[in-house]
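Since the structure comes first, as structure tokens, the remarks are kept for the end.
Numbering (the working numbering), first residue to last: -5 to 250.
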């Protein structure tokens, strides 16, 4: 069976070592390893997708899509837009009347490059886009919610891939040279004091780095998120709902 061969190949020690070493250098969906881990179950005759499967399915955003949600009797209109460079021209000019901008930046992508530009770091690109949006006059009256997303993938890689890289022989490989640590030793077991200290320091660094792009005129609500943790998402959207309602009421002169 092809899927059994695929499972054996994926479980090969050399393949796993190669994956850990090079996964940040190739353009593959971050859910690939999850589905390869589950390939025997997925190809079983009686397979039914579980919640973990559904939460890890990815569809690339393209264009502008509107979703209407009803939360506690309140109607919310949410526009989902693509963040890739070639998508931005489709939406950047049409959101001058929104109450809240939800900006999603993946903290796990500190060591990855853009599909469109192999020399551009993904998290640096997210910071530059955030800078452009948060300081744009078109969004002067909008509230901002910053989701630092994919915290689970970030946690899984910081003992395999350094946040700070400084290479005097090949400066183009440098990244985040102003990160002061503490650094996570390569191969450090998850959960040790050294791991947790480096984990928290990296999140704080990236949070502070992206928030520094604002000119200071807005209150920005930042949350560390993980889309596969449904309880975490519930907590975050409860907070978002309160913020959105507050902004909507303020726009018509009411306060809560």
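Yeah, the Cβ is synthetic: ideal placement off N, Cα and C, and Gly gets one too. Please read all numbers here as calculations on a predicted model, not as lab measurements.
CA nearest to the CA of residue i, picked from the options
i: residue 215; options: 44, 45, 16 and 128; result: 128
i: residue 69; options: 244, 245, 197 and 238; result: 238
i: residue 54; options: 184, 139 and 109; result: 109
i: residue 191; options: 65, 45, 174 and 96; result: 174
i: residue 140; options: 130, 124, 147 and 151; result: 124
i: residue 67; options: 112, 121 and 235; result: 235
i: residue 207; options: 104, 51, 122 and 10; result: 122
i: residue 105; options: 232, 20, 65 and 126; result: 20
i: residue 224; options: 40, 46, -2 and 184; result: 46
i: residue 176; options: 126, 244, 114 and 157; result: 157
i: residue 211; options: -4, 44, -1 and 130; result: 130
i: residue 232; options: 164, -4, 65 and 42; result: 65
i: residue 213; options: 114, 96, 165 and 163; result: 96
Rounded distance between the beta-carbons of residue j and residue i, thought under 8 Å
i: residue 155; j: residue 18; result: 6 Å
i: residue 33; j: residue 1; result: 5 Å
i: residue 167; j: residue 159; result: 6 Å
i: residue 101; j: residue 145; result: 6 Å
Bridge partner(s) assigned by DSSP for residue i
i: residue 138; result: 95 and 214
i: residue 146; result: Paired residue(s): none; residue 146 is not in a bridge.
i: residue 193; result: Beta-bridge pairing links residue 193 to no other residue.
Own chain partners of residue i with C-beta closer than 7 Å, once the 5 adjacent residues on each side are dropped
i: residue 36; result: 29
i: residue 181; result: 153
i: residue 241; result: 93, 94 and 137
i: residue 149; result: 193
i: residue 218; result: 142, 145 and 197
Distance, residue j Cα to residue i Cα
i: residue 132; j: residue 92; result: 9 Å
i: residue 209; j: residue 134; result: 11 Å
i: residue 116; j: residue 188; result: 26 Å
i: residue 74; j: residue 200; result: 24 Å
i: residue 195; j: residue 151; result: 14 Å
i: residue 112; j: residue 204; result: 21 Å
i: residue 99; j: residue 120; result: 6 Å
i: residue 59; j: residue 72; result: 8 Å
i: residue 31; j: residue 4; result: 8 Å
i: residue 44; j: residue 10; result: 25 Å
i: residue 8; j: residue 15; result: 11 Å
i: residue 183; j: residue 103; result: 21 Å
i: residue 41; j: residue -4; result: 16 Å
Residues near residue i by beta carbon distance below 8 Å, same chain, minus five either side
i: residue 221; result: 49, 143, 144 and 227
i: residue 27; result: 13 and 17
Cutoff 6 Å; reference residue i; Cβ partners in own chain excluding five residues on either side
i: residue 247; result: none
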